[in-house]
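Reading through the structure tokens given below for one structure.
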Amino acid sequence: MATPRERFRLDDLWRAGPVYSASDKPLARLVARPVREFLRVEAAGSILLLIAAATALLWANSPWASSYDALWHAHLTLDVGPLHLDESLQHWVNDALMVIFFFVVGLEIKYELVNGDLRDPRTAALPIVAAVGGMVVPAGIYLALNPPGSAGSDGWGIPMATDIAFAVGVLGILGRRIPSAARLFLLTLAIVDDIGAILVIAVFYTSDLSLSWLAIALGLLAAMVAARLLRVWSTVVYALLGIGVWFALLESGVHATLAGVAIGLLAPAKPLLKEEVARDYAGKALRDHHLNPDELARLRFLLKESVSVVERLISTLHPVSAYVVLPVFALANAGVELGAIGEVFTEPVGLGIVLGLVLGKPVGILVTSYLAVRLGIAKLPEDTSWPMVVGLGAVAGIGFTVSIFIAGLSFPGSDLLTEEAKIAILLASVIAAVLGVVLLLASTRHRTSAHDEPERHTDAHA
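Counted from 1, the sequence shown has number 390 at position 232 by our numbering; the numbering is strictly sequential.
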């Protein structure tokens with residue numbers, strides 16, 4: 159079963175305006191059509207993320223580095239009634255804009271739990287076990303180098319994360335060499351990894367907890383559940399309640415982006431109507447080969463409610479997250495000075511992150527997967543070999559987005575440790591990506607040759 163992430167592309171949202179992009183106007187020929195073709199590429203989101211990160215690095219290490227700091231540390235104040243917020247632009251990106259990213263993550267988790275692989279314990283067993291191993295081993299390696307009580311011990315959650323966007327992008331670059339079952343294994347593993355990262359952020363990176371504000375947030379979430387049970391359809395109601403949840407969590411000490419996850423998990427993952435209802439109505443309405451305005455409005459409603467709210471929201475917001483939110487986050491957070499890059503391999507924080515992501519991820523995923531298969535808890539995905547599992551584990555070592563996010567939470571009072579952690583994350587993610595591609599290409603060489611053999615045999619006969 160294809161996930162919403164696999165089914166929807168940004169160009170799907172632009173199908174309402176294909177007439178203009180198909181015209182011969184210069185803007186259509188030189189801009190609209192090339193952009194649409196680029197966004198059809200599976201790795202387009204990862205490419206934009208990479209470009210944003212590279213731009214931030216170049217900017218922060220250029221003669222104009224001061225302007226980079228000035229931009230992202232400039233303060234933006236919001237005063238709306240009782241709502242008063244005064245934060246730097248970087249904090250607005252991390253605490254507000256990233257809510258969209260975490261909201262999409264929550265939606266995807268909900269979809270997987272209700273309709274996807276996480277619904278079936280037998281199918282989900284291997285990626286769940288592998289994800290746990292891929293989180294515990296990197297954290298253990300980091301803590302071995304940064305024991306509790308040391309200056310960098312709070313960063314143990316950094317090497318636990320997997321960047322879904324980059325991981326999927328790497329597999330997209332490899333194309334059909336990677337079997338669909340192996341792709342699904344990594345995607346499900348990354349979803350479980352997201353759940354783990356969310357729990358880690360909620361439990362271990364919450365400071366100065368205010369129970370009164372937390373109670374308000376929970377009350378507003380309960381109001382959203384009640385509105386859903388009462389069949390309240392207005393998007394405005396849910397948007398206002400969602401903003402309230404975000405602000406209450408921000409004031410409670412729990413990281414505000416978790417509001418996005420919580421709201422995403424509350425969204426309905428089952429459609430209101432069966433597809434047959436819309437199909438039957440369409441057949442009746444079109445008997446006279448004509449639709450009047452009332453019939454058209456009714457048909458639109460039936461078609462809309464034949465798709466779950468979760469899927470509709472993912473189709474709308476996943477492109478926004480992939481093509482806007484994550485690149486802006488990378489631009490705001492990846493700009494670190496690389497003068498101290500050599501210290502990554504000598505300082506415990508940097509070394510712990512690099513070893514955790516590059517070594518800990520594939521080892522943890524491989525060992526726990528092997529044990530799960532040997533104990534009969536799970537079985538390898540179809541057409542997937544153990545060398546391929548190692549390659550997929552290496553790709554899972556691309557931490558980037560969530561790792562950088564956790565780094566900012568780990569060392570809020572130390573710019574030096576935060577910068578060191580970010581350099582280590584960037585370096586480790588590049589190493590993991592290259593290593594993953596090399597290992598996957600090596601593991602699929604025999605499979606590719608086997609698929610090509612019939613073609614060579616056919617050509618010989620021809």
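Glycine included, C-beta positions come from ideal geometry on N, C-alpha and C. Quantities reported herein were computed from a predicted structural model and do not represent experimental measurements.
Asked                                                                                                                                                                                                     : Found
Whether or not the segment 371 to 378 and the segment 572 to 590 are in contact is what I'm after, with contact meaning three or more pairs of Cβ atoms, one per stretch, closer than 8 Å; do they touch? : no
In the DSSP assignment, what are the bridge partners of His-233?                                                                                                                                          : Ser-246
Report buried or exposed for Phe-563, applying the criterion of at least 16 other Cβ atoms within 10 angstroms of its Cβ.                                                                                 : buried
Among the candidates Met-318, Val-361, Asp-278 and Gly-557, whose CA atom is the shortest distance from the CA of Val-326?                                                                                : Gly-557
Please return the same chain residues whose Cβ sits closer than 6 Å to the Cβ of Pro-520, not counting the five positions on each side in sequence.                                                       : Val-548, Gly-551 and Ala-552
Leaving out five residues on either side along the sequence, give the residues of the same chain with a beta carbon under 7 Å from the beta carbon of Thr-542.                                            : Pro-337, Ala-339, Ala-340 and Phe-343
Ordered along the chain, which non-local residues of its own chain (more than five positions away) have a Cβ less than 8 Å from that of Gly-304?                                                          : Checking the sequence, you will find Asn at residue 304 rather than Gly. Here the set comprises Gly-310, Ser-311, Gly-313, Trp-314, Pro-506, Val-507 and Gly-510.
Mind reading off the beta-carbon distance from Leu-357 to Leu-598? Whole number of angstroms is fine, and I expect it under 8 Å.                                                                          : The Cβ separation is near 29 Å, so there is no contact.
Looking at the unbroken alpha helix (DSSP H) that takes in Arg-341, where does it start and where does it end?                                                                                            : 338 to 362
What is the DSSP secondary structure of Pro-426, counted as helix, strand or coil?                                                                                                                        : coil
Taking Val-483 and Leu-255 to be in contact with their CB atoms under 8 Å, please state how far apart those CB atoms are, rounded to whole angstroms.                                                     : 6 Å
For Trp-230 and Ser-246, which I take to be in contact (beta-carbon distance under 8 Å), what is that distance rounded to the nearest angstrom?                                                           : 7 Å
Which of the three DSSP states is assigned to Ile-556 in this structure?                                                                                                                                  : coil
Which term fits Leu-567, buried or exposed, when burial requires 16 or more other beta carbons within 10 angstroms of its beta carbon?                                                                    : buried
Cβ of Val-521 within 6 Å of any heavy atom in the ligand COA?                                                                                                                                             : This structure does not include the ligand COA; it has no bound ligands of any sort.
Between Leu-347, Ala-498 and Leu-575, which has its C-alpha nearest Ala-288's C-alpha?                                                                                                                    : Leu-347
How many angstroms separate the CA atom of Leu-207 from the CA atom of Arg-445?                                                                                                                           : 50 Å
Quick one: what's got a C-beta closer than 8 Å to Leu-449's C-beta in the same chain, skipping five residues either side?                                                                                 : Ala-443 and Leu-457
Is Pro-306 helix, strand or coil by DSSP?                                                                                                                                                                 : coil
Please check the pair Pro-285 and Ser-561, which I expect to be a contact at CB under 8 Å, by giving their CB distance rounded to whole angstroms.                                                        : Contact doesn't hold; Cβ gap of about 20 Å is too wide.
Could you give the distance in angstroms between the alpha-carbon of Tyr-481 and the alpha-carbon of Val-350?                                                                                             : 23 Å
Need the endpoints of the alpha helix (DSSP H) that Thr-415 sits in, please.                                                                                                                              : Here Thr-415 belongs to no alpha helix (DSSP H), and DSSP marks it neither H nor E.
Check for me: the alpha helix (DSSP H) holding Arg-437 runs from which residue to which?                                                                                                                  : 433 to 443
Taking its Cβ as the centre, do 16 or more other Cβ atoms sit within 10 Å of Ile-209, making it buried, or is it exposed?                                                                                 : exposed
Do Ala-586 and Leu-515 count as a contact pair if the criterion is CB distance below 7 Å?                                                                                                                 : yes
Tell me which residue opens and which closes the alpha helix (DSSP H) that Ala-375 is part of.                                                                                                            : 369 to 387
Within the same chain, show all residues whose beta-carbon is closer than 8 Å to that of Val-512, passing over the 5 residues directly before and after it, in chain order.                               : Val-502, Phe-503, Ala-582, Leu-585, Ala-586 and Ile-589
Which of the three DSSP states is assigned to Leu-575 in this structure?                                                                                                                                  : helix
Only counting the same chain, and skipping five residues up and downstream in sequence, which positions put a Cβ closer than 6 Å to that of Asn-491?                                                      : Ile-562
Considering only their Cβ atoms, is the gap separating Val-295 from Gly-594 smaller than 7 Å?                                                                                                             : no
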